[in-house]
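This report concerns only the one structure given below.
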Amino acid sequence: EVQLLDSGGGLVQPGGSLRLSCAASGFTFSSYAMSWVRQAPGKGLEWVSSISGGGGYTYYADSVKGRFTISRDKTKNTLNLQMNSLRAEDTAVYYCARLPTVVSPEGFFDSWGQGTLVTVSS
Amino acid sequence: DIQMTQSPSTLSASVGDRVTITCRASQSISSWLAWYQQKPGKAPKLLIYDASSLESGVPSRFSGSGSGTEFTLSISSLQPDDFATYYCQQYNSYSGTFGQGTKVEIK
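For the protein sequence lines, the chains are A and B, in the order given. Taking our numbering, the leading residue of the first sequence gets 14, the next gets one more, and so forth. Taking our numbering, the leading residue of the second sequence gets 10, the next gets one more, and so forth.
What follows is the structure, encoded as structure tokens:
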């Protein structure tokens with residue numbers, strides 16, 4: 014059974030940093046591209062970033078480019094999102110999600126983590 | 010960027026009703042469209058991909074159709090477990106834009 018377990022969320026001040034993680038199990042981690050999708054309180058879904066199965070290709074939404082860095086650790090089967098220079102508008106539940114592709118970032122999300130809440134506030 | 014517009018934003022229906030939700034893309038996305046169901050406090054769940062392919066384990070009362078710029082999600086006979094918010098998502102481009110959501114409420 015595919016399982017994705019999100020962690021690392023919390024309260025952080027504007028301008029601060031936070032690192033999210035997603036522990037993957039039940040599938041061959043390196044065979045799938047992975048993404049982060051976020052949802053602001055009471056709002057819709059927004060794609061944030063994707064990374065290829067091998068980790069060599071990364072993609073970002075314009076709203077986070079230059080501030081967020083996606084990475085993956087194949088030894089730990091973990092997806093990470095390093096978030097720097099956080100803003101109030103980054104407040105959201107962050108979900109990791111699996112793409113049914115190895116390299117291409119274009120796809121639907123067939124499995125999701127449970128989400129972790131990031132609150133940016135002073 | 011490709012914009013996705015869902016209608017209606019809210020839909021009130023009764024158990025047993027047939028329900029249809031529409032999703033329009035700002036430009037052609039071929040059949041690169043998915044539908045998700047989300048319940049409060051939970052992660053989205055994939056229902057339909059490639060516009061009309063039913064994800065494994067999803068009840069057959071859910072169906073999807075369309076291509077190009079106009080798509081629909083239909084529920085043939087609404088069940089109590091189906092009251093939720095539904096999102097479409099295009100994946101013609103890697104930004105994976107979602108629609109704003111349609112909340113299906115109990116009438």
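Note that beta-carbon positions come from the ideal geometry of N, C-alpha and C, so glycine has one too.
Membership of F81 of chain A in the beta strand (DSSP E) is indicated by the continuous run 81-86.
Under the 10 Å beta carbon count, Q52 of chain A is surrounded by 16 or more other beta carbons and is classified as buried.
Any Cβ of chain A closer than 8 Å to the Cβ of L20 of chain B would place that residue at the interface, and such an atom is absent. Note: S72 of chain B is bridge-paired with B:S83 in the DSSP secondary-structure output.
Residues of chain A with a Cβ closer than 7 Å to the Cβ of Q98 of chain B are, in chain order, F121. For F80 of chain B, no chain A residue has a C-beta closer than 8 Å to its own C-beta; the minimum C-beta separation is roughly 13 Å.
Beyond the five residues adjoining it in sequence on each side, T114 of chain A comes within less than 7 Å, by CB distance, of A46, G120 in the same chain, given in chain order. Taking 8 Å as the cut-off, the beta carbon of Y45 of chain B is found closer than this to the beta carbon of L56 of chain B. Counting only residues of its own chain and dropping the five nearest sequence neighbours on each side, T81 of chain B has a CB closer than 8 Å to the CB of T29, I30, T31, C32, G73, S74, G75.
Chain-order list of chain A residues neighbouring L55 of chain B: F121, F122, D123, by C-beta distance under 7 Å.
Around I115 of chain B, the same chain offers F92 as residues with beta carbons nearer than 6 Å, after the five sequence neighbours per side are excluded.
Looking at B:V24, B:S39, B:A43, B:A22, the one whose alpha-carbon comes closest to that of Q15 of chain B is B:A43. Across the set B:S18, B:Q98, B:K54, the C-alpha of B:Q98 shows the shortest separation from the C-alpha of S40 of chain B. Chain order gives the chain B residues near Q127 of chain A as K51, A52, where near means a beta carbon separation below 9 Å. In the DSSP assignment, E59 of chain A falls within the beta strand (DSSP E) that extends over 58-64.
Excluding sequence positions up to five before and after V24 of chain B, its CB lies within less than 7 Å of the CB of L87, Q88, P89, all in the same chain and listed in chain order. Here A34 of chain B carries a strand assignment [DSSP, helix/strand/coil].
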